[in-house]
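Engineer: Dropping the structure in here first, questions after.
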Amino acid sequence: MRLLESFHKRRRDARFILRMLVVLLICLTAVFYLLQKSRDLPSLLVANRVLLFVLFYINVVLILAVLFVLARSIFKLLLERRARILGAKFRTKLVATYVGLSLVPVLVMFVYANVLLQQSVDRWFAAPVESVLRQGSAVAENLLRSSEQATLHDARLIASELSGLELDRPRQRARLDRRLQPALVREDLDFLGVYREADFVTAVVDPDAGLGDLPEPHRSMLLEAAVGGEAAQPIPPPRGDGQLVLAAVPIPGSVPAGGVLVAGRLLSPGVATQTNQLIDAYQQYRQLETQKPELRTSQVLIFLMVTLLVLLASTWVGLYLARQVTQPIEALAEGTRRISGGDLSHRVEVPADDELAVLVSSFNMMTAELQRSRREREERTQELQAANRQLAEERGLLVAVLQSVAAGVIAVDREERVFLCNDAALAMLRQSEAEVRDRPIREVWADDERRKLLPLLESDAAADDGAGNGSVGRRDAGSHQVRLVLGGEWKTFEVKRAALREPDGSPLGQVLVLEDLTELIRAQQLAAWNEAARRIAHEIKNPLTPIQLAAERVLRRHRQGQDVGEALEDGVRIIVREVETLKAMVDEFSRFARMPRPQPADVDLAGMVQETVKLYRSVKPGVEVAGDVAPDAAHAWADPEQLRGALINLLDNAVEATEAPGRVDVRTARTDGRVQLVVADTGRGIPPEAKEKLFQPHFSTKGRGTGLGLAIVNRVVADHHGTIRVEDNPPRGTVFTIELPAR
Amino acid sequence: MLSRLGLVLALILLRAAPTLAAELRDLQPAVVDGRVEVSFQLADAFGDGVMERIQSGLPTSFVYRVTLLRDRHRWWNDELAEATLEVVAMYNAVSQEYLVNFKRDGKLVESRLARSRAELESAMTRFERVPMFTTSDLQGGPGSRFLLKARAELGSKTWLSFIPIHVDTDWTASRKFQLREP
């Protein structure tokens, strides 16, 4: 549609230009024709200066038209410059250049041509030409005057012969004609006429002259002669060419007075024509000379008209061409301004040619592309806003969920800065949100107690494998138990860590889920202690029964009067034995209760493992006990006696649980700066429900003993800031793994 | 610089200024036989330039424009009629005569031959009792007063070599008169 409009507009412009060119061509042709014909213009027209005024007013109109076109353009340019319209300066320069390029050559041409024209006009009236024509005319006039004088002379002579002529006698006319005829022949005249004042009396004519009719002398000439004067006048003959020279003289003594004799002599046609031509030529020259200023002015005006027409056309074309260039540029500048103002719907709709058309088209394409990009950006922004709203809603929902759950949730980003921490976590860790929110976790947990949680975040492997802190224990796969002193209270948390990852797998952060196990453990411990009390009571009760029975047997025998010696001896032996049992039981409890503080030192794990394994190699036939110490895990930093006791405890349990044929392996390894001591057997294994209580005091799967062995081992490991975990040993058996700091 | 330019311009204007100071004199009305006859003469108009132009054979004309007005007291005069008298002179170089044609309101009313400059000048510049209006042209009461105004149009000339200008005399007014025939 736009292209169609542009096409129509261009076609209208082209038609307009064509019309203007046709009008200009017609004007120029008319002027040229006028210029050519001006030489042949009737003298009257030129003499009356009609032509001058017509030309002058045409020129005035043209000058006004040129001035109007120029003034209009200059006024518009001034307004544009004052309004600081972009491109006004460029347009001014362009218009000045175009107008100057058309104005200067045309004016120079006008001045030069005008000078040439004036010189030509001056040459027309050069002195030799005027002299020749004047002399020629003088010769012709002299010839006429001579002929007049000669005719006058003849007329005077004949008039004297007619002296006393009676003019009012009609009968005398025939006799008068007979008197005139010989005089006509004698003086070689062609006409002789007698007049009474201006009235005709009689006349004779040379029949060979071919006058055809009687000539009519001018009344004034007759009247002049009638009063005594003389007059001569050349007149055209009544018929034919030539010139008839008439001379009028008075007839002396005529009756009545006033008689006039008119003599006429016909000049030959050739002489007359030449005479007339000479006189006419000089007359024409004089006319031209008289009209010289008017002729010069008319030529100047005609040439000025041509100049103005050309100037008008060239100025108009110059302005048109300037507009063709500046209009698209101004439109582009305006478009740039509008677009910089944010109006991306603006398009430049100015017809342009050539490179400017490409520029306009490119500008419009660029604008369309910008508009499309902005629309897409707005759509994307709206989508993002919607997504953000949804995310905010989801986040709110998540926060609500997180706030409502009992578990504490703490999430850190890649830079370990806290970006999420629910109220439960804050309550568990005795911290406020202001202390935690958007702060690095290492600053948040900088104190000695909370710092124990940091190893869980140190690395995926470390976190997955368990913390190296003595207060952190692996509870099961993926969770850790941490004990902290917060606000003067012991707190036990089960901590689960999970890595946050982008959809492409790249790390995003970590999240820790804390569960406060303090009450649960307290309850478990209470239950354990109940069980321990029950079992202690049971264990104490067991020796008491034989003691009671032995004492009752001695008492019964004594009452029955039987010999109590043997019974007393047996009874005392039994009582002593059971008391020993009770004593051993009390010692073991005492040892558990009074576990000494570890005295860490560099432990030769290789030696310790080999010595211990050697003790158990032949304990159970069919059960192979082997030791394997890794070179990089041959040493550990621990209390040697406590560690040896723990190892023996584990090895003892493993050998006891393993039926022949079976195998017990003791090995060491090094992982992430920690030393692992592993005891693996192929025994009957431990049920999952038992694993949870395995390290509690007085829990036993053997149905005998105090159940304090693994509790002591767990205590030793914890005192060494290590961890212990129990796992299955596929296809059968159990694996106990102790991890200790390397040093 | 500007003063020099002004001086040059002044000289040009002085040179271009018309030097002819022709004027109409003795404009006299006369009411005779129901006609208003006009007499006047043109002075200082028939110079050598005019004579040369006539003798070159160019038809040369003087146009006399006469206006009849009714006098109004303390008000603009009422223009009643206008008439023109055109005198055209043509020279015949062969016969050395001047043909003078008189046209009133465009119609030829008289032709006259003049054989000398004095005769020609008189024919073209002196007019005695030329009937120009009829009394029927005159409107007004018996006490109305009338007057004539006339001027001569002597052709044109160029100013600054290319601007044509008309050469006219000033308007000349007659005495006031009434419709009483002598």
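So the sequences go chain by chain: A and B. Every number in the numbering used here is 655 more than the matching position in the first sequence, counting from 1. Every number in the numbering used here is 9 more than the matching position in the second sequence, counting from 1. Just so you know, even glycine gets a beta-carbon here, dropped at the ideal spot from N, CA and C.
1) For residue 841 (chain A), which of A:829, A:851, A:861 and A:853 has the nearest alpha-carbon?
2) Which runs of the beta strand (DSSP E) spanning at least 3 residues fall entirely within the region 15 to 93 of chain B, listed in chain order?
3) Going by DSSP, what residues sit across from residue 109 (chain B) in a beta bridge?
4) Among A:1384, A:1144 and A:1293, whose alpha-carbon lies nearest the alpha-carbon of residue 1256 (chain A)?
5) On the premise that residue 70 (chain B) lies in contact with residue 136 (chain B), defined as a C-beta separation below 8 Å, what is that separation, rounded to the nearest angstrom?
6) Exposed or buried, residue 1320 (chain A), counting other C-beta atoms within 10 Å across all chains shown (16 or more means buried)?
7) Using a Cβ cut-off of 8 Å, which residues of the region 56 to 67 of chain B contact any Cβ in chain A, in chain order?
8) With a floor of 4 residues, list each alpha helix (DSSP H) that falls wholly inside the region 1043 to 1087 of chain A, ordered by position along the chain.
9) Compare the Cα-Cα distances from residue 781 (chain A) to each of A:732, A:736 and A:943 and report the closest residue.
10) Pair every Cβ in the region 797 to 808 of chain A with every Cβ in the region 821 to 828 of chain A, then say whether three or more of these pairs are closer than 8 Å.
11) List, in chain order, every chain A residue whose beta-carbon is nearer than 8 Å to that of residue 104 (chain B).
12) Against chain B, does residue 797 (chain A) count as a neighbour if the rule is that its beta carbon must be under 8 Å from one of theirs?
13) Is residue 1379 (chain A) buried or exposed, if buried means 16 or more other CB atoms sit within 10 Å of its CB?
14) Should residue 921 (chain A) and residue 897 (chain A) be called a contact, given that it needs their Cβ atoms to be closer than 8 Å?
15) From residue 1161 (chain A) to residue 1373 (chain A), what distance separates their C-alpha atoms?
16) Return the CA-CA distance between residue 177 (chain B) and residue 33 (chain B), expressed in angstroms with no decimal places.
17) Tell me, please, whether the CB atom of residue 978 (chain A) is closer than 8 Å to any CB atom in chain B?
18) Counting contacts by CB-CB distance shorter than 8 Å, is residue 120 (chain B) in contact with chain A?
19) Show which residues of chain B have a CB atom less than 8 Å away from the CB atom of residue 763 (chain A).
20) Using three-state DSSP, classify residue 1290 (chain A) as helix, strand or coil.
21) Can you check which of these residues, A:1198, A:1148 and A:979, is closest to residue 1084 (chain A) by C-alpha distance?
22) Residue 1343 (chain A) lies in the alpha helix (DSSP H); which residues open and close that run?
23) Give the straight-line distance between the Cα atoms of residue 1395 (chain A) and residue 1096 (chain A), rounded to the nearest whole angstrom.
24) Just to confirm the assignment, what range does the alpha helix (DSSP H) spanning residue 1298 (chain A) have?
25) Is residue 671 (chain A) near residue 173 (chain B), with beta carbons less than 8 Å apart?
26) On a Cα-Cα basis, can you pick out the residue from A:811, A:917, A:893 and A:949 that is closest to residue 903 (chain A)?
27) Confirm, please, whether the CB-CB distance from residue 92 (chain B) to residue 141 (chain B) is below 8 Å.
28) Please work out which residues of its chain come closer than 8 Å, Cβ to Cβ, to residue 964 (chain A), disregarding the five sequence neighbours upstream and downstream, and give them in chain order.
29) What's the gap between the Cα of residue 1244 (chain A) and the Cα of residue 1151 (chain A)?
30) State the beta-bridge partners of residue 1145 (chain A) as determined by DSSP.
31) Over what stretch of residues does the alpha helix (DSSP H) that includes residue 875 (chain A) continue unbroken?
32) Specify the secondary structure class of residue 906 (chain A) as computed by DSSP and reduced to three states.
33) Under DSSP, the alpha helix (DSSP H) around residue 1262 (chain A) begins and ends at which residues?
34) Take the Cβ of residue 1385 (chain A) as the centre, count every other Cβ of all protein chains shown within 10 Å, and call the residue buried at 16 or more, exposed below.
35) What is the rounded straight-line gap between the Cα of residue 848 (chain A) and the Cα of residue 859 (chain A)?
36) Would you call the region 919 to 934 of chain A and the region 794 to 801 of chain A touching, i.e. three or more CB-CB distances under 8 Å?
Structural biologist: The answer reads as follows:
1) Within the first sequence, the letter at position 186 stands for residue 841 (chain A). Ranking the options by Cα distance to residue 841 (chain A), first place goes to A:861.
2) 32 to 41, 44 to 52 and 69 to 79
3) Numbered from 1 along the second sequence, position 100 holds the residue referred to as residue 109 (chain B). For residue 109 (chain B), which the question treats as bridged, DSSP gives the partners B:98 and B:121.
4) Your numbering for residue 1256 (chain A) matches position 601 in the first sequence. Cα-wise, what sits closest to residue 1256 (chain A) is A:1293.
5) The residue given as residue 136 (chain B) occupies position 127 in the second sequence. The residue given as residue 70 (chain B) occupies position 61 in the second sequence. Residue 136 (chain B) to residue 70 (chain B), Cβ: 14 Å. No contact.
6) For the purposes of this step, residue 1320 (chain A) is identified with residue 665 of the first sequence, where counting begins at 1. Result: buried.
7) 61, 62, 64, 65, 66 and 67
8) Qualifying alpha helix (DSSP H) stretches, in chain order: 1078 to 1084.
9) The sequence position of residue 781 (chain A) within the first sequence is 126, counting from 1. With distances taken between Cα atoms, residue 781 (chain A) lies closest to A:943.
10) no
11) As a first step, residue 104 (chain B) must be located in the second sequence, where it is residue number 95. For the C-beta of residue 104 (chain B), the chain A residues within less than 8 Å are, from N- to C-terminus, 888, 889 and 890.
12) Within the first sequence, the letter at position 142 stands for residue 797 (chain A). False, the Cβ-Cβ gap to chain B never drops below 8 Å.
13) Taking the first sequence and counting its residues from 1, one reaches residue 1379 (chain A) at position 724. Buried: at least 16 other Cβ atoms inside 10 Å.
14) What you label residue 921 (chain A) is simply residue 266 of the first sequence in a count that begins at 1. What you label residue 897 (chain A) is simply residue 242 of the first sequence in a count that begins at 1. Result yes, Cβ atoms of residue 921 (chain A) and residue 897 (chain A) sit closer than 8 Å.
15) Taking the first residue of the first sequence as 1, we reach residue 1161 (chain A) at position 506. Taking the first residue of the first sequence as 1, we reach residue 1373 (chain A) at position 718. A straight line joining the alpha-carbon of residue 1161 (chain A) with that of residue 1373 (chain A) spans about 35 Å.
16) Residue mapping note: residue 177 (chain B) aligns to position 168 of the second sequence, counting from 1. Residue mapping note: residue 33 (chain B) aligns to position 24 of the second sequence, counting from 1. Those two C-alpha atoms are separated by around 10 Å.
17) One-based indexing of the first sequence puts residue 978 (chain A) at position 323. By this cut-off, residue 978 (chain A) is not an interface position.
18) The residue given as residue 120 (chain B) occupies position 111 in the second sequence. No, because no Cβ of chain A sits closer than 8 Å to the Cβ of residue 120 (chain B).
19) Against the first sequence, residue 763 (chain A) aligns to sequence position 108. The premise fails here: residue 763 (chain A) is roughly 18 Å from chain B at the closest Cβ pair, so nothing lies under 8 Å.
20) The residue you call residue 1290 (chain A) lines up with position 635 of the first sequence. Residue state, collapsed to three classes: strand.
21) The residue labelled residue 1084 (chain A) in the question sits at position 429 within the first sequence. That would be A:1148, whose Cα lies nearest to the Cα of residue 1084 (chain A).
22) For the purposes of this step, residue 1343 (chain A) is taken as the residue at position 688 of the first sequence. Residues 1343 to 1348.
23) Counting from 1 along the first sequence, the entry for residue 1395 (chain A) is found at position 740. Counting from 1 along the first sequence, the entry for residue 1096 (chain A) is found at position 441. C-alpha separation (whole angstroms): 25 Å.
24) In the first sequence, residue 1298 (chain A) corresponds to position 643, counting from 1. Element bounds for residue 1298 (chain A): 1295 to 1312.
25) In the first sequence, residue 671 (chain A) corresponds to position 16, counting from 1. In the second sequence, residue 173 (chain B) corresponds to position 164, counting from 1. Cβ distance not < 8 Å, so residue 671 (chain A) and residue 173 (chain B) don't count as in contact.
26) Here residue 903 (chain A) is taken as the residue at index 248 of the first sequence, counted from 1. The candidate whose alpha carbon is nearest that of residue 903 (chain A) is A:917.
27) The sequence position of residue 141 (chain B) within the second sequence is 132, counting from 1. The sequence position of residue 92 (chain B) within the second sequence is 83, counting from 1. Cβ atoms of residue 141 (chain B) and residue 92 (chain B): closer than 8 Å.
28) If you number the first sequence from 1, residue 964 (chain A) lands on position 309. Contacts found: 679, 682, 683, 686 and 717.
29) As a working note, residue 1244 (chain A) is residue 589 in the first sequence. As a working note, residue 1151 (chain A) is residue 496 in the first sequence. When rounded, the distance between both Cα atoms is 34 Å.
30) Taking the first sequence and counting its residues from 1, the one referred to as residue 1145 (chain A) is at position 490. Paired residue(s): A:1140.
31) On the first sequence, position 220 is the one that residue 875 (chain A) refers to. Counting along the chain, the alpha helix (DSSP H) containing residue 875 (chain A) begins and ends at 874 to 881.
32) Translated into positions along the first sequence, residue 906 (chain A) becomes position 251. The answer is coil: DSSP assigns residue 906 (chain A) none of H, G, I, E or B.
33) The residue labelled residue 1262 (chain A) in the question sits at position 607 within the first sequence. 1260 to 1271 is the extent of the alpha helix (DSSP H) around residue 1262 (chain A).
34) On the first sequence, position 730 is the one that residue 1385 (chain A) refers to. Label assigned to residue 1385 (chain A): exposed.
35) Translated into the one-based positions of the first sequence, residue 848 (chain A) becomes position 193. Translated into the one-based positions of the first sequence, residue 859 (chain A) becomes position 204. Those two C-alpha atoms are separated by around 6 Å.
36) Result yes; three or more Cβ-Cβ pairs closer than 8 Å.
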